[in-house]
Structures are given as structure tokens and as C-alpha cells.
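Residue numbers (the working numbering): 363 to 626. Note that beta-carbon positions come from the ideal geometry of N, C-alpha and C, so glycine has one too. Note that the coordinates shown come from a computational prediction; the quantities given were computed from them, not determined experimentally. The structure appears right after this line, and notes come after that.
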């Protein structure tokens, strides 16, 4: 386990104060957690069933900043991969959200020789399956699971519920995935660089049910949502305005809206 050498990557992600202060904080946090990790792994039973960092969040953070598997806490990481294997293949254990895994290790854990093998294997196993890819991003949905493969970083995120969507290309890709998965007719438009429009075709649906979608919790995550009638068609239109980190819509919020509209 070699964590101290990754303090710079950690400091970059903290980005709270000035560079020197962030570096010092990162160094101290890494050192504290390294001691915590060592003590946790000495008690293997505790590490397996009740790790000292809740939900193995520190391990997840290390993977997110790009720490290689050889430098991760070894026993903790082996338990993490086993939890993921059981969750995906056996649907056992607690729900897993926003869990990062090196792509190579996910494939080997699930006995998949390649991304193509992974897709073919689970397309046969899952009742519903959808995938879209563009450039270095591959999104896959099926059987209650959602995966975001980032080939540029070599990391896949399992159930990226809190994945904050900061650009139109990723927004469009998620919309394309959910449209296919939920079998919905949609269109996506970038009105400006930070103002996006998602439209669902709900022609022929019950007006009362449509109104309930507009008043739902899912609808509140959008800047505005309304119905629009054009000729003989009826559309639910949801607008997203990106204005800083706090205004970013999350993948889980977007999926919730698609799920609700699919039930009309």
C-alpha cells in the first residue's frame, strides 16, 4: 500500500484553498487514512464486514483519483471486488452506487475477456439492455444496473447516480441511453452552450398522468418543465441551465424523470 506518493492527485481534487495549503492538507489526510487502513486490514474480519471507512469510501476516492491497484490497500480492495462480483452476478449484498473500479479489474472479476465480451454476456443475461458510446465514453444500462466506462481514465463507475453532467455531449448520451432503455421518443437540443432542452413525445397519454409528472419530485430537479402542444403532438419539455457546479443535474435525477415518463 503506497498512498503518500499520491498526495498531489488528492490535493488537485480538494482545490479548497491555495496550492500550498491544499498540498499540506492532502498530505495529512493521506497519512491519517494510511494509518487507519493499516489498522483496519490487520483485523480482517472487521475489514470484510465493517470497514473503518464507511462503505469503503476512501478506497473509492483513491480509485477516482487514479491510484493504481498495486498501491491500494490489498485486502480491502479484494473484498471490494468480491462485493461488486456478488452484487452484479448474484444480486446479493447492499446496493452499490457511484462505485469506481478500474476497467480491467471489473472485467476480470466478472470473467469477461473484453468490453465486447462484457456487453454480449450481459445482453443475454439481462431482461432489458441498452448501450451507447461516443469517443471515450460507453454507457450501459440493464437489469437495474448502470455503468459509465471512461476509457480515457481506465475507470468504470457502477450505478453513477450522482454523476454530475457538466456538458451537453454527456447529457445527450445519457438521454439517448435512457430513451432506448425505456423505449421513449425523445429529442435533445442545445439552445445555448449551457441551456439544454429535453423533449418527450407523450401524445395520447392521459393529461392527468402527465400533470402528475410535472408536479413530481423528479421534475423539481429541472430548471423548468412544462407541456407543449405542436399540431397533433403533445410533448413534455424539460430545460436544464448549467450555471456552476451547484446547478449540475445528476445522472440519477435524469433517469428518474425517464422512469416516470415511461410509466404514463
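If we ignore side chains and look at the alpha-carbon of each, how far apart do residue i and residue j end up?
{"i": "residue 405", "j": "residue 417", "result": "16 Å"}
{"i": "residue 576", "j": "residue 621", "result": "13 Å"}
{"i": "residue 529", "j": "residue 574", "result": "29 Å"}
{"i": "residue 379", "j": "residue 386", "result": "10 Å"}
{"i": "residue 497", "j": "residue 407", "result": "42 Å"}
{"i": "residue 491", "j": "residue 503", "result": "6 Å"}
{"i": "residue 593", "j": "residue 520", "result": "42 Å"}
{"i": "residue 501", "j": "residue 509", "result": "6 Å"}
{"i": "residue 452", "j": "residue 444", "result": "11 Å"}
{"i": "residue 390", "j": "residue 507", "result": "36 Å"}
{"i": "residue 427", "j": "residue 514", "result": "13 Å"}
{"i": "residue 421", "j": "residue 457", "result": "17 Å"}
{"i": "residue 541", "j": "residue 548", "result": "7 Å"}
{"i": "residue 625", "j": "residue 430", "result": "43 Å"}
{"i": "residue 525", "j": "residue 565", "result": "31 Å"}
{"i": "residue 512", "j": "residue 555", "result": "23 Å"}
{"i": "residue 377", "j": "residue 590", "result": "43 Å"}
{"i": "residue 586", "j": "residue 374", "result": "34 Å"}
{"i": "residue 433", "j": "residue 424", "result": "9 Å"}
Can you tell me where the beta strand (DSSP E) holding residue i begins and where it ends?
{"i": "residue 504", "result": "499-504"}
{"i": "residue 552", "result": "548-554"}
Go ahead and label residue i buried or exposed: buried means 16 or more other beta carbons lie within 10 angstroms of its beta carbon, across all protein chains shown.
{"i": "residue 384", "result": "buried"}
{"i": "residue 494", "result": "buried"}
{"i": "residue 580", "result": "buried"}
{"i": "residue 588", "result": "exposed"}
{"i": "residue 411", "result": "exposed"}
{"i": "residue 462", "result": "buried"}
DSSP beta-bridge partners for residue i?
{"i": "residue 507", "result": "504"}
{"i": "residue 439", "result": "Per DSSP, none; premise fails for residue 439."}
{"i": "residue 493", "result": "502"}
{"i": "residue 386", "result": "Beta-bridge pairing links residue 386 to no other residue."}
{"i": "residue 615", "result": "Answer is none; residue 615 lacks a bridge partner."}
{"i": "residue 597", "result": "563, 590"}
- Message: Between the stretch 393-404 and the stretch 414-430, can you find at least three pairs of beta-carbon atoms closer than 8 Å?
- Response: Yes: the two stretches touch, three or more of their Cβ pairs being nearer than 8 Å.
- Task: Specify whether the stretch 454-467 and the stretch 530-540 touch according to this definition: at least 3 beta carbon pairs, one from each stretch, less than 8 Å apart.
- Result: At 8 Å Cβ cutoff, the stretches do not touch.
- Message: I'd like to know if the stretch 590-605 and the stretch 560-569 are in contact, where contact means that at least 3 CB-CB pairs between them fall below 8 Å.
- Response: Touching, per the Cβ criterion.
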